[in-house]
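Reading through the structure tokens given below for one structure.
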Amino acid sequence: MHDMFKRYGTGLTTMILLVTAFWILILLILPNLTMFESSFRPYLPVTEVGGPRDVYSFANYGRILGAHTDLSVLGITFEVPVRVKVFILTIYYSAVVTLITFALAYPLAYYLAKIVSPKSLPTLFLLLFVPLWVSEILRSFAWFIILAFKGPLNVALMSLGIIDSEIRWIAGFSPVIIGLVYTYVLFMLFPLYNSMQSLDSNQIEAAEDLGSPWWRTHWRVILPHAKPGIASGAVMVFMLSAGSLLVPSLLGSTTSGWFTQTIQGVMLEEADWNTGAAFAFLLLIVCTLFVSLMMRVFGVRLSDIAK
Amino acid sequence: MSAGIDLDNVVCDFGSFRAVDHVNVSIQPGEFFSFLGPSGCGKTTILRMISGFIEPTGGVIRIGGKDVRGQRPNQRPTALIFQNLALFPLMPIWENIAFGLEVRGVNKATRRKRAEELLALVDLPGAADKMVSQLSGGQKQRVAIARALAVEPSVMLLDEPLSALDLKLRQHMRAELRAIQKRTGVTFIYITHDQGEALAMSDRVGVMSQGRLQQVSNPRDIYNNPVNGFVASFVGENNVLTGPVAAPTGGFAVMETPHGRFRARIADGVSGQGVKLFVRPEHMRFSDSPTAENSTPVTVTEVAFEGNFISVHAQSDSGMTFLSELRNDGSAPIPAVGTRLHVSFDPAVAAILPDASIARG
Ligand SMILES: Nc1ncnc2c1ncn2[C@@H]1O[C@H](COP(=O)(O)OP(=O)(O)OP(=O)(O)O)[C@@H](O)[C@H]1O
Ligand SMILES: [Mg+2]
Chain A
6 MHDMFKRYGT GLTTMILLVT AFWILILLIL PNLTMFESSF RPYLPVTEVG
56 GPRDVYSFAN YGRILGAHTD LSVLGITFEV PVRVKVFILT IYYSAVVTLI
106 TFALAYPLAY YLAKIVSPKS LPTLFLLLFV PLWVSEILRS FAWFIILAFK
156 GPLNVALMSL GIIDSEIRWI AGFSPVIIGL VYTYVLFMLF PLYNSMQSLD
206 SNQIEAAEDL GSPWWRTHWR VILPHAKPGI ASGAVMVFML SAGSLLVPSL
256 LGSTTSGWFT QTIQGVMLEE ADWNTGAAFA FLLLIVCTLF VSLMMRVFGV
306 RLSDIAK
Chain B
159 MSAGIDLDNV VCDFGSFRAV DHVNVSIQPG EFFSFLGPSG CGKTTILRMI
209 SGFIEPTGGV IRIGGKDVRG QRPNQRPTAL IFQNLALFPL MPIWENIAFG
259 LEVRGVNKAT RRKRAEELLA LVDLPGAADK MVSQLSGGQK QRVAIARALA
309 VEPSVMLLDE PLSALDLKLR QHMRAELRAI QKRTGVTFIY ITHDQGEALA
359 MSDRVGVMSQ GRLQQVSNPR DIYNNPVNGF VASFVGENNV LTGPVAAPTG
409 GFAVMETPHG RFRARIADGV SGQGVKLFVR PEHMRFSDSP TAENSTPVTV
459 TEVAFEGNFI SVHAQSDSGM TFLSELRNDG SAPIPAVGTR LHVSFDPAVA
509 AILPDASIAR G
């Protein structure tokens, strides 16, 4: 802070601080506080707002326990509220998406950080970035077309003789997973690449020189070093996936409800912003708890991620 | 259990650049051998070829008599100590040391025990559970040595391992390394650009320049009988004289220089362009009158007291500055600045040498 005053002078520093404060307070904290507050108030006709029935309660949060449906886990079938089921599946499939992006990004990040010659690196990064220039909607639509019943993927697979008849790709959660992985894989790749790049190549060579096969070098030297990158990539991909609305809406089917779609339904179709806000906070809180739990399990500290 | 190493016409090209040029040397089992040369002369490249990270472009490398071409570093009986040590910062010290054993499937209790033994060997007991970041430079050095020794290599390869340490510690670690080598009997191949280090520690030294091995010999021979101008001037200080050389007789020849006629040893077949006369500062003598040969009149321009010796600069009337080092033992009078004297040297301690051998074609 003192440095900033010295470097930019009092006027400019005050300006920067004010703008940042405005952004954080007015654009971030205030709307969230309003949402938070309204999530505890009932959805009432305008005339009754502020009236005797406008009191704080957890009623909106309780509405997640509405209608019931069946959920089977490991062959055992439970009866659960339908929204809770959607909620659980959203968390579960977001975790699946995170795992798949990790499996894809790890070898690629290693290749980019340690194997590719520095000369071809800019070209490869450009190739990776190009899809980002296309809007998310278009990319999701592209996958919709690729995965269509009479779409190019089925045609290609059939003409290659790999499959005999078309596969219905757009069913269940698979297209949503594919779409989310495609959309968010770079959020895993870049932190991974960064953390691997900071690893001294001599350490990899030292491990090999001591007789280590490649997989053990990865397990004992490279993976531990990349852990902070893995953690920040995983948190980003998980949170973005769980919070994604566009991909599940475009690529989803009737059997693949995403909790964000539930929130959207409540807010826009039922016009019940109070319950919508409650659901949104539930998602945020549970995701945060889940992430902290995972970080505890894998022994990652918050300060590692911030690096 | 140590092994010898043979480099047989080893060549290494990076694109069109030849980093190592037809190197031939046989290193004996249990020998402490140093490659000495200036930065960029190809020392690290040789070490990386022996350890298996680079395949030679040409030639054969044999370890313990076996051709190791095509073997990966994890299959070779060598252990490399990197220029920057490359310890694993996320493992405690004992796991660092035992990593090579872990790879070989040794159980945890045995690994731990072996790590403690090695820590005792390198004089670092009680450090097993510390992290790398908690150690000093010299301690890290020892851990790196212990980690390499743990896999019981036949050959240890050390790439300028002392260059990051301060002078005191460096001198201490020299003795330490030498002692560890004697204790374990493992062949050490040591790389350095520090001539003092190479001469003090090694059984034999190979002096390199521009990818070529210039001379392989024991430290005394390297210093006293350099085979060419490069070796003479890279190892130690010299007074260098140039001029036409008369035909040699009986292993000596006379060089005609602007500063006088000087006689010195000359090897068979040395003649013509590029030859120079080299004489070490400690062999320069001062006298009040000219000696029978190899002397020239000078004026003392600078006297510097260095502790164990006194360095004297003296300029000849023809403009050449001679450097002389006199021992601080009272055996010779210390001249004062401005004194007129004669400087001379014994022909037997001076040598007329050719330039360095340079790349063919
Ligand atoms: N991978 C490489 N590609 C191209 N040139 C290289 C490569 N590795 C080394 N060189 C070149 O080969 C020459 C020898 O390099 P080397 O690392 O063996 O030198 P060195 O004697 O160990 O030097 P230093 O004392 O500075 O470590 C240098 O000129 C270097 O630029
Ligand atoms: Mg080097």
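As you go down the protein sequences, you meet chains A and B in turn. The number in the numbering used here is simply the position in the first sequence, starting from 1, with 5 added. The number in the numbering used here is simply the position in the second sequence, starting from 1, with 158 added. The C-beta atom is built at its ideal place from N, Cα and C for all residues, glycine as well.
Rounded to whole angstroms, the separation of the alpha carbons of Val242(A) and Leu185(A) is 9 angstroms. Shown here is that no member of the segment 51-72 of chain A has a Cβ falling below 9 angstroms from a Cβ of chain B.
For Phe264(A) against Thr95(A), the beta-carbon gap comes to about 4 angstroms, under 8 angstroms, which counts as contact.
Burial of Asn396(B) is indicated by the presence of at least 16 other C-beta atoms within 10 angstroms of its C-beta.
Contact annotation: in the segment 224-249 of chain A, residues whose CB is within less than 8 angstroms of a CB in chain B are Arg225, Val226, Pro229 and His230. A Cβ-Cβ separation of about 12 angstroms leaves Gly195(B) out of contact with Ala177(B) under the 8 angstroms criterion. Remark: the shortest separation between the CB of Thr350(B) and any heavy atom of ligand 2 does not fall under 7 angstroms. Below the 9 angstroms Cβ cutoff, chain B contributes no neighbours of Glu275(A), its closest Cβ being approximately 52 angstroms away. Within the same chain, Gly177 come within 6 angstroms of Thr260(A) by CB-CB distance, once the 5 residues on both sides are set aside.
Non-local C-beta neighbours of Leu357(B) in its own chain, meaning closer than 6 angstroms and more than five positions away in sequence, comprise Pro377, ordered along the chain.
Not a single C-beta of chain A is nearer than 8 angstroms to the C-beta of Arg227(B). The C-beta separation of Ile151(A) from Leu158(A) comes to about 5 angstroms, placing the pair in contact by the 8 angstroms criterion. The CB of Pro123(A) never comes closer than 9 angstroms to any CB in chain B; the least such distance is about 15 angstroms. Asn397(B) is bridged by DSSP to Val437(B). Distance from Val271(A) to Phe284(A) at the Cβ level is roughly 6 angstroms; contact confirmed, criterion being Cβ atoms closer than 8 angstroms. Of Arg305(B), Arg262(B) and Gln292(B), the smallest CA-CA separation from Ala278(B) is found for Arg305(B).
Going by C-alpha positions, Val456(B) is about 52 angstroms away from Gly162(B). At least one heavy atom of ligand 2 is found less than 7 angstroms from the C-beta of Gln241(B). Chain B places no beta carbon closer than 8 angstroms to that of Ala118(A), leaving this residue out of the contacts.
When Glu141(A), Thr19(A), Ala114(A) and Tyr61(A) are compared, the shortest CA-CA separation from Leu129(A) is found for Ala114(A). Proximity of chain B to Pro218(A) at the Cβ level (cut-off 9 angstroms) is accounted for by Asn232 and Val261, in chain order.
Contact check between the segment 383-391 of chain B and the segment 503-515 of chain B: three or more CB pairs, one atom from each, fall below 8 angstroms, which counts as touching. The C-beta distance from Val365(B) to Gln372(B) rounds to 5 angstroms, short enough to meet the 8 angstroms contact threshold. When C-alpha distances from Val393(B) are compared across Phe193(B), Leu243(B), Asn167(B) and Glu310(B), the shortest belongs to Phe193(B).
Ranked by Cα distance from Asn199(A), the options His73(A), Tyr111(A), Phe45(A) and Glu53(A) are led by Tyr111(A). Taking the Cβ atoms as the reference, Ala302(B) lies roughly 11 angstroms from Leu276(B), outside the contact range of under 8 angstroms. Annotated as proximal: Pro231(B) and Gly210(B), with beta-carbon spacing under 8 angstroms.
Judged by their CB atoms, Ser145(A) and Leu255(A) are nearer to each other than the 8 angstroms cut-off.
As the crow flies, the alpha-carbon of Ile175(A) is around 41 angstroms from that of Pro218(A). Burial is judged here by how many other beta carbons sit within 10 angstroms of a residue's own beta carbon; Asn65(A) has at least 16 and is buried.
A direct Cα-Cα distance of roughly 25 angstroms separates Leu289(A) from Leu197(A). The Cβ atoms of Ile239(B) and Leu315(B) sit closer than 8 angstroms to each other.
Setting aside the 5 residues that flank it on each side, Ile105(A) is surrounded in the same chain by Ile182 and Val186, each with a C-beta closer than 8 angstroms to its C-beta; the list follows chain order. Interface residue (Cβ-Cβ distance to chain B less than 8 angstroms): Asp214(A) is classified as such. Spanning the alpha carbons of Glu460(B) and His471(B) requires a straight line of approximately 5 angstroms. Relative to ligand 2, the beta carbon of Lys201(B) is positioned inside 7 angstroms of a heavy atom.
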